[in-house]
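Visitor: What follows is a structure written as structure tokens; I'll ask about it next.
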Ligand SMILES: *[C@@H]1O[C@H](CO)[C@@H](O)[C@H](O)[C@H]1NC(C)=O
Ligand SMILES: *[C@@H]1O[C@H](CO)[C@@H](O)[C@H](O)[C@H]1NC(C)=O
Ligand SMILES: *[C@@H]1O[C@H](CO)[C@@H](O)[C@H](O)[C@H]1NC(C)=O
Ligand SMILES: *[C@@H]1O[C@H](CO)[C@@H](O)[C@H](O)[C@H]1NC(C)=O
């Protein structure tokens, strides 16, 4: 099941007959390959020569090491320049490819009569449309049609591609090539994490028992979240991502606020930013469970902090990753992106996307966090299998998507008092190494684990989730009905709202926003409610167990607002 991407260095010489000029008759090197398509994809044959492919190239940043160092300085609690986030211009000056990179890649493409256009302000991503025949020559590839047999959706991919050896250092990834989306859920290639568990039912709010039903009032009590309206001049902000045609309904939000936050002005709402031909339809029957959940558990908790619904449609600019990269690039292009950005969608498992593409995507997130934006994701709902339905019995636990270290992954708790929720995807990445800021906490857990699950998880990988929040029996309104939902989809917006409220206080006090959170989170265990029981079954096992300190079910724990406030320097 685990499809490992191998970087191979098989070489062969490109025959000159394929070339318009001899300039690029240099050795081609396989840039990325996989032995076969992932389980569930059938090879249908070669792609027609004249079919147009929309390709993206991620160019090497001019100074990635400089950006990494600057972000480390800004995010390490012990750094003298802690929380001195970078400006848009500073980030772009690190991220912009060098003149040599641009020239080398432009010459290569020009020799195939290809003109590219940048799709990011820094110019580190470019795109162009070419026929399959040209793509096969350019990349020494065999673009073929693959059928995702469960859904019947076909896509054009290649199992390997090569680029001239002189370009190895300049080109990070060409996309779409060797990345295959995992098993589709419903009609969409992205899993709306909680949707399957939605069962409309009416509740009696007057008698809410927080151990049975989670509402904003429960969260305010449980996590000591402030309830007072923020100043209208607040500089804090929060955004939630939407994909796969999920619509956030304003009428449902109004109903939700009337029922659960009657203390907020009835005009409290959100703004919408539409990208890639998204529409955010306001037809009641088209309200999305995921989108409504995300909006209700941000707007319903942030006490008037501006909330943005970032709606990514199907006409994505980023090739074939269903808008994930677009959602980050769209924010990178803004002068004032929301200071917390929560995403409750994910691919099934880490290995759905190739290592190079995953790293390139993570580098875009790194750019955003460098500007002081906290990027949060739901960790996934399949326990150690990451996503429900992933077949992994007797095999290593497949890590979730994304495991990018610049993302704060949020797992789920349930009940009051809280225990870890069994659905939480938690574990260890195979793509990103363990991060220095989590080493002590994570190694302490691994030591306790001893030989349990040896060989089933990667002890040297980036461990997740980082934190957790309630994710079972969460009450929302969809198309006028109240119902309960479950999933880490609940936890990410809830945790993000806490960050937005802390940012409001920090900015009011003339301080910087929390920005890239993880080094600060692991340095402040006392700021979280340590959850010490619960486990996340999957792959035919009982999964990991929560325990004192960090664990792969609840991370460092759930928010303790008062303690987080102190830890933030307020
Ligand atoms: C590029 O365009 C020129 C002029 O139209 C043509 O002669 C040449 O064959 C083209 N090269 C390739 C690789 O398509
Ligand atoms: C893809 O696979 C499904 C399931 O086997 C099949 O019904 C469908 O016809 C296939 N599509 C194509 C284009 O072959
Ligand atoms: C909370 O609910 C769970 C089941 O959902 C139950 O097992 C537990 O005993 C309840 N706890 C309390 C304190 O009522
Ligand atoms: C385990 O993680 C390390 C660090 O990221 C990585 O280099 C290694 O390839 C991973 N192992 C497997 C089996 O994927």
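Numbering (mature numbering (1 follows the signal peptide of the UniProt record, and there is no 0)), first residue to last: -25 to -1, 1 to 545.
Where a beta carbon is used, it is the ideal one built from N, C-alpha and C, also for glycine.
For clarity, every value in this text was computed on a predicted model and none was experimentally measured.
(1) Quick one: what does DSSP say residue 468 is sitting in, helix, strand or coil?
(2) Check each candidate in 289, 240, 236 and 222 and name the one with the smallest Cα separation from residue 264.
(3) For residue 272, name the three-state secondary structure that DSSP assigns.
(4) Mind checking whether the beta-carbon of residue 38 lies closer than 6 angstroms to any heavy atom of ligand 1?
(5) Would you check if there are 3 or more beta carbon pairs closer than 8 angstroms linking the region 372 to 392 to the region 318 to 336?
(6) What do you get for residue 511, buried or exposed, if any count of 16 or more other CB atoms within 10 angstroms of its CB means buried?
(7) Using 10 angstroms around the beta-carbon of residue 367, count the other beta-carbons present and answer buried if the total reaches 16, otherwise exposed.
(8) According to DSSP, what are the bridge partners of residue 232?
(9) Taking 6 angstroms as the cut-off, is the C-beta of residue 87 nearer than that to any heavy atom in ligand 1?
(10) Roughly how many angstroms lie between the CA atoms of residue 155 and residue 147, to the nearest whole one?
(11) DSSP beta-bridge partners for residue 120?
(12) In chain order, what are the residue ranges of uninterrupted alpha helix (DSSP H) at least 4 long that sit wholly in the region 257 to 343?
(13) Among residues of its own chain, excluding the 5 on either side of residue 431, which ones have a beta-carbon nearer than 7 angstroms to its beta-carbon?
(14) Can at least three beta-carbon pairs, one atom from the region 420 to 431 and one from the region 445 to 455, be found at a separation below 8 angstroms?
(15) May I ask you to check if the CB of residue 338 is nearer than 6 angstroms to at least one heavy atom of ligand 4?
(16) Using 6 angstroms as the cut-off, classify the Cβ of residue 127 as near or not near the heavy atoms of ligand 2, replying yes or no.
(17) So, for residue 538: in the same chain, excluding its five sequence neighbours on each side, which residues have a beta-carbon less than 7 angstroms away from its beta-carbon?
(18) Go to residue 100, then tell me how far its beta strand (DSSP E) extends in each direction, as first and last residue.
(19) With which residues is residue 139 paired in a DSSP beta bridge?
(20) Among the candidates 543, 540, 413 and 545, whose CA atom is the shortest distance from the CA of residue 493?
(21) Just how far apart, CA to CA, sit residue 297 and residue 112?
(22) So does residue 504 have its beta carbon nearer than 6 angstroms to some heavy atom of ligand 3?
(23) Considering only heavy atoms of ligand 3, does any lie closer than 6 angstroms to the CB of residue 304?
(24) Distance check for residue 60 and residue 99, CA to CA, integer angstroms please.
(25) Suppose you measure from the CA of residue 19 to the CA of residue 10; what does that come to, to the nearest Å?
(26) Once you ignore the five residues that flank residue 470 on each side, which residues in its own chain have a CB closer than 7 angstroms to its CB?
(27) Could you please give the first and the last residue of the uninterrupted alpha helix (DSSP H) stretch that includes residue 445?
(28) Would you mind reading off the limits of the alpha helix (DSSP H) that contains residue 76?
(29) Find the nearest neighbour of residue 346 within the set 38, 489 and 463, judged by alpha-carbon distance.
(30) CB-CB under 7 angstroms to residue 393, same chain, minus the five flanking residues each way: which ones, in chain order?
(31) Could you tell me which residues DSSP pairs with residue 347 in its beta bridges?
(32) Using only the alpha-carbon positions, how far apart do residue 231 and residue 271 sit?
(33) Secondary structure at residue 476, three-state DSSP: helix, strand or coil?
(34) So which residues put a beta carbon under 5 angstroms from any heavy atom of ligand 3, going in chain order?
(35) When the Cα atoms are used, what is the spatial distance from residue 238 to residue 478?
(36) To the nearest angstrom, report how far apart residue 463 and residue 336 are at their CA atoms.
Guide: On the basis of the data shown:
(1) Reduced to three states, the DSSP call for residue 468 is helix.
(2) Checked all of 289, 240, 236 and 222; the closest Cα to residue 264 is 222.
(3) Residue 272 carries a helical assignment under DSSP once its states are collapsed to helix, strand and coil.
(4) Result no, Cβ not under 6 angstroms from ligand 1.
(5) Three or more beta-carbon pairs drawn from the region 372 to 392 and the region 318 to 336 are found closer than 8 angstroms, and the two stretches are therefore classed as touching.
(6) So residue 511 ends up on the buried side.
(7) Within a 10 Å sphere around the beta-carbon of residue 367 sit 16 or more other beta-carbons, which makes this residue buried.
(8) According to DSSP, residue 232 bridges with nothing at all.
(9) Checking the Cβ of residue 87 against ligand 1 gives yes.
(10) Rounded to whole angstroms, the gap between the alpha carbons of residue 155 and residue 147 is 18 angstroms.
(11) In DSSP, residue 120 forms a bridge with 20 and 131.
(12) Within the region 257 to 343, the complete alpha helix (DSSP H) runs of at least 4 residues are 264 to 274 and 299 to 307.
(13) If we look at residue 431 and ignore the five residues flanking it on each side, its Cβ neighbours are 371 and 372.
(14) Proximity of the region 420 to 431 to the region 445 to 455 falls short of the contact definition, fewer than three beta-carbon pairs being nearer than 8 angstroms.
(15) False, no ligand heavy atom lies under 6 angstroms from that Cβ.
(16) Flag set: Cβ of residue 127 near ligand 2.
(17) Cβ within range, chain order: 501 and 502.
(18) For residue 100, the enclosing beta strand (DSSP E) starts and ends at 100 to 106.
(19) Looking at the DSSP assignment, residue 139 forms a beta bridge with 3.
(20) Closest option to residue 493, judged by alpha-carbon separation, among 543, 540, 413 and 545: 413.
(21) For residue 297 and residue 112, the distance between alpha carbons rounds to 26 angstroms.
(22) No - ligand 3 has no heavy atom lying nearer than 6 angstroms to the Cβ of residue 504.
(23) Checking every heavy atom of ligand 3 against the Cβ of residue 304, none is found closer than 6 angstroms.
(24) Roughly 21 angstroms between the two C-alpha positions.
(25) Their backbone Cα atoms lie some 16 angstroms apart in a straight line.
(26) Sequence-distant partners of residue 470 (beyond 5 residues in either direction) whose C-beta falls short of 7 angstroms from its own C-beta, in its chain, are 351, 385, 442, 444 and 534.
(27) Not the alpha helix (DSSP H): residue 445 falls in the beta strand (DSSP E), residues 442 to 445.
(28) For residue 76, the uninterrupted alpha helix (DSSP H) run begins and ends at 74 to 85, by DSSP.
(29) The shortest C-alpha separation from residue 346 is found at 489.
(30) Excluding five sequence positions before and after residue 393, the CB atoms of its chain that fall closer than 7 angstroms to its own CB belong to 504, 506 and 533, given in chain order.
(31) Answer by DSSP bridge pairing: none, since residue 347 is not bridged.
(32) For residue 231 and residue 271, the distance between alpha carbons rounds to 7 angstroms.
(33) Note: residue 476 maps to helix in three-state DSSP.
(34) Qualifying residues, in the order they occur: 186 and 390.
(35) Answer to the nearest angstrom: the Cα atoms are 22 angstroms apart.
(36) Approximately 21 angstroms between the Cα atoms of the pair.
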